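Read through the structure below, which is laid out as structure tokens, and then see the notes.
There are 4 protein chains.
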Amino acid sequence: MKKKSQLKYEQILAETVNLINEKDVAMVSTNQVAKKVGISQSNIYIYFKNRDDLISQVFTTEVNKMSAFVIERIETRPTDNLKAKFELTFTVLFQYALKFPKSMTVIQKILQSYAYTHMQDQSAAYSKANGMLVASLDAGIATGLLKPIDRTLLQNIIFSTIKLHADNLHRGRYTERDVPFDQVAAMIWDAISA
Amino acid sequence: MKKKSQLKYEQILAETVNLINEKDVAMVSTNQVAKKVGISQSNIYIYFKNRDDLISQVFTTEVNKMSAFVIERIETRPTDNLKAKFELTFTVLFQYALKFPKSMTVIQKILQSYAYTHMQDQSAAYSKANGMLVASLDAGIATGLLKPIDRTLLQNIIFSTIKLHADNLHRGRYTERDVPFDQVAAMIWDAISA
Amino acid sequence: MKKKSQLKYEQILAETVNLINEKDVAMVSTNQVAKKVGISQSNIYIYFKNRDDLISQVFTTEVNKMSAFVIERIETRPTDNLKAKFELTFTVLFQYALKFPKSMTVIQKILQSYAYTHMQDQSAAYSKANGMLVASLDAGIATGLLKPIDRTLLQNIIFSTIKLHADNLHRGRYTERDVPFDQVAAMIWDAISA
Amino acid sequence: MKKKSQLKYEQILAETVNLINEKDVAMVSTNQVAKKVGISQSNIYIYFKNRDDLISQVFTTEVNKMSAFVIERIETRPTDNLKAKFELTFTVLFQYALKFPKSMTVIQKILQSYAYTHMQDQSAAYSKANGMLVASLDAGIATGLLKPIDRTLLQNIIFSTIKLHADNLHRGRYTERDVPFDQVAAMIWDAISA
DNA sequence: TATGAATGAGCTTTCATTCAT
DNA sequence: GATGAATGAAAGCTCATTCAT
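Protein chains in written order, with the working numbering: chain A, 1 to 194; chain B, 1001 to 1194; chain C, 2001 to 2194; chain D, 3001 to 3194.
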């Protein structure tokens, strides 16, 4: 794809993200996306194989974005203190959720959607990103730092809590002064630490 | 509605629950429901004002079912020990999730769906049920039993953890022996207790 | 039909008249009528063979009502003065239009509707009532009182003008003081008189 | 819209005109129109926003056609004789009704239809065309040429008489020799002139 | 007499997708 | 690359009508 088309490709992705943010994944149509971008519906099929492909690429793009954001801020500060690393991860995830409020919502919505669950080729990006987190959690459990319990339970508390906190702030339910992130991180830590 | 129709009314609700369980709320059509029940599609409009009404009544029915289940098992065992009461609540919610695996999923899906969010008259049943839980949490915070933090964060950990655990069991990710509920309850308690 | 049913029969007719007054004939459904009367839809099919029959009976009833109203006020005042008789007819028609503002509208709407045009047995009542007017007009033409021109043209001016004037008054476009009926009658007379 | 589509656009309008001519406006469905044109029903929504838009554009098109027809034949023959101008207008309207027998019927039907009455943006074309006639009539009244009476009464006689005469000819009720237009125009003039 | 239940046909509208230009 | 045109399928909903009770 050339420059010009690269731009349009990104515009389509961006408007799809916006629309998924507003309504259910299943309610977002290629029609609506095209209208938002200001192109004709059929144009979308030049950039994407079909609707599933569009949703899928939105997902992959957002996962990659988040993944890159986190890795960049963690890998560069290597530490042998596992607990500190976890806490840094929480903070970075929270920063991401604050900076890209739509991104986490979209990732979560697509992940839960029927469309994604039944998609042919699911995101390799997601597997990879998830794999890193899984490795971290397993290491934490193995070293006795985290509770010896199925990792999905730990993972759920981490992500759902951070996302809810960011959403609450974003919607103005409370301010960062009312509920400092430290308290939230402490709550997560209390939950998952052995 | 008379006897005979009461049966069909419930069949429609039941099949709608099944379908919402399988796919996104927005993807469940009156057509599909009718086909599952074995009636003509227009027949649904005898029992429900429109599609929104159908979804809404499914929601209310499930919330009432859960509410009744929980209240019946808690109110009858009054205690002045607040902590014991919380732990009992967790257990009862878990029992419900185990017994009616689709119910919690459906409640959650509808609650998150765009359709419900933008519905005219939202469920009074839900407001009431939720109000009781809110009161409990606020009391727990006030007495210093729970962390002095926004209650939605506590609530999220309780529900999402219990639901995920039940789902994991249901999908065979692990058995009750592998991950006893006590451990899960302990994790929740560690998270929310002051 | 017994007394009770006679009442319901008339209620159905009355509500149908109301609905036809508000919208297009083709838009009035048995559903809506039943709802207005407060009965079940299927009940209508006890009093009327089908929808066409309902519309047809509404039409006949209204035509008979108008016919009786006019005849009663004209036949009882026999006169050999043909011009005076015409003018009396205009006045009586106008009184009817004022007293039953919906009636003339409904008659006209049904008369123009596709349903009526293609109905099996068209109203004998209408033929009869129309026949009388036709005879009057033909007599007027024969005696040289009216313009020697196709009678439908005369008839149209008479009815459409009287109806429009009554409607204008009813909708408050002007008052009877602003536009006295005498002026309207004079206009009609100027048009049709030889 | 490009060339090819322009053709289909006009075909859709034309078939809609035909159908409205045959039955009630409310009975004309996009289904029927599509079948007549020989396209799939959804295709109509490429050319028209929705059904209302289709009806509305049919109306505007016909009004514009009539308006252009009349203006072209009147404006080009300016005269300071007001009476002559009125009589010319009658003649031209009659010519139009003869040449486009469906057009006037369709305009009238849509104008009376519930759908149009309750439409959002009503035809600017109609307002303009009507405004010109209104101005003429008001001038006629002011100069003492026409009867000093509400203009809608004058307008009704003009239009309904001309239309009925044209329809009568079209349906073969009588020939132009039986009822020359001069007589009809005279009748109208007798009605409206002071 | 009355009604609840049921249905098939029809309606308007939106959708994902394809294709010729 | 881009678009207008086209379509079949499916959606939600209303309708006239029938029938058993």
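Ideal Cβ positions, reconstructed from N, Cα and C, are used throughout, including at glycine. Note that this is a predicted model, so its numbers are computed, not measured.
Using a Cβ-Cβ cut-off of 8 Å, Tyr45 of chain A does not count as an interface residue toward chain B, since no Cβ of chain B sits closer than that to its own.
Note that the C-beta distance between Ile1055 of chain B and Val1033 of chain B is not below 8 Å. Taking Leu137 of chain A as the centre and dropping the five residues before and after it, the same chain places the C-beta of Leu146, Arg151, Leu154 and Gln155 closer than 7 Å to its C-beta, in chain order.
Sequence-distant partners of Asn1043 of chain B (beyond 5 residues in either direction) whose C-beta falls short of 7 Å from its own C-beta, in its chain, are Ala1034.
For Pro2101 of chain C, the uninterrupted alpha helix (DSSP H) segment begins and ends at Pro2101 to Gln2112. For the region 2145-2156 of chain C, the beta-carbon criterion of a distance under 7 Å to any beta-carbon of chain D is satisfied by Lys2147, Ile2149, Asp2150, Thr2152, Leu2153 and Asn2156. Secondary-structure assignment with DSSP links Leu3146 of chain D through a beta bridge to D:Ser3193.
The shortest C-alpha to C-alpha distance from Leu7 of chain A to any of A:Lys109, A:Val37 and A:Ala185 is the one to A:Val37.
In the three-state reduction of the DSSP assignment, Met3119 of chain D falls in the coil class. No Cβ of chain D is located within less than 8 Å of the beta carbon of Leu2007 of chain C. DSSP places Arg2151 of chain C in the uninterrupted alpha helix (DSSP H) bounded by Arg2151 to His2170. Three or more Cβ pairs drawn from the region 3097-3106 of chain D and the region 3054-3071 of chain D lie within less than 8 Å of each other, which places the two stretches in contact. Arg3173 of chain D reaches chain C at Asp2150 and Thr2152, counting residues in chain order whose Cβ is nearer than 9 Å. Within chain D, the residues whose beta carbon sits less than 7 Å from that of Lys2023 of chain C are Tyr3114, listed in sequence order.
Under a criterion of Cβ atoms nearer than 8 Å, the residues of chain C adjacent to Thr3161 of chain D are, in order, Leu2153, Asn2156 and Ile2157.
A straight-line Cα-Cα distance of about 59 Å links Lys1085 of chain B and Ser40 of chain A. Chain-order list of chain C residues neighbouring Asp3182 of chain D: empty, with the shortest C-beta distance near 11 Å, by a criterion of under 7 Å. Under the Cβ distance rule, Ala2026 of chain C counts among the residues neighbouring chain D, one pair being separated by less than 8 Å. Taken in chain order, the whole alpha helix (DSSP H) runs of length 4 or more contained in the region 14-86 of chain A are 30-37, 44-47 and 51-75. Look at Asp53 of chain A: its C-beta is not under 8 Å from any C-beta on chain B. Cα atoms of Ser2113 of chain C and Leu3019 of chain D: separation of roughly 13 Å, rounded to the nearest angstrom. Excluding sequence positions up to five before and after Tyr2096 of chain C, its CB lies within less than 6 Å of the CB of Met2066 and Phe2069, all in the same chain and listed in chain order. Under the 8 Å criterion on CB atoms, Val2070 of chain C is classed as non-interfacial with respect to chain D. Taking 8 Å as the threshold, the shortest C-beta distance from His1165 of chain B to chain A falls below it.
Close to chain B, meaning a Cβ-Cβ distance shorter than 9 Å, is no residue of the region 78-105 of chain A at all.
Between Leu3088 of chain D and Gly3140 of chain D, the CB-CB gap reaches or exceeds 8 Å. Here Lys49 of chain A is exposed: its Cβ has fewer than 16 other Cβ atoms, across all protein chains shown, within 10 Å. Of the candidates D:Ala3014, D:Arg3051 and D:Glu3022, D:Arg3051 places its Cα closest to the Cα of Asn3031 of chain D. Taking a C-beta distance under 8 Å as the contact criterion, Phe3090 of chain D and Ile3188 of chain D qualify as a contact pair. In this structure Ala26 of chain A is in contact with Ala115 of chain A, their Cβ atoms being roughly 7 Å apart against a cut-off of 8 Å. When A:Ser29, A:Ile157 and A:Ile110 are compared, the shortest CA-CA separation from Ala1191 of chain B is found for A:Ile157. 8 Å or more divides the Cβ of His3170 of chain D from the Cβ of Val3184 of chain D. Residue-level contact by beta carbon holds for Asn168 of chain A and chain B, with a gap shorter than 8 Å. Under the 8 Å criterion on CB atoms, Asp2138 of chain C is classed as non-interfacial with respect to chain D.
Straight-line spacing of the CA atoms in Val1058 of chain B and Thr1016 of chain B works out to 7 Å.
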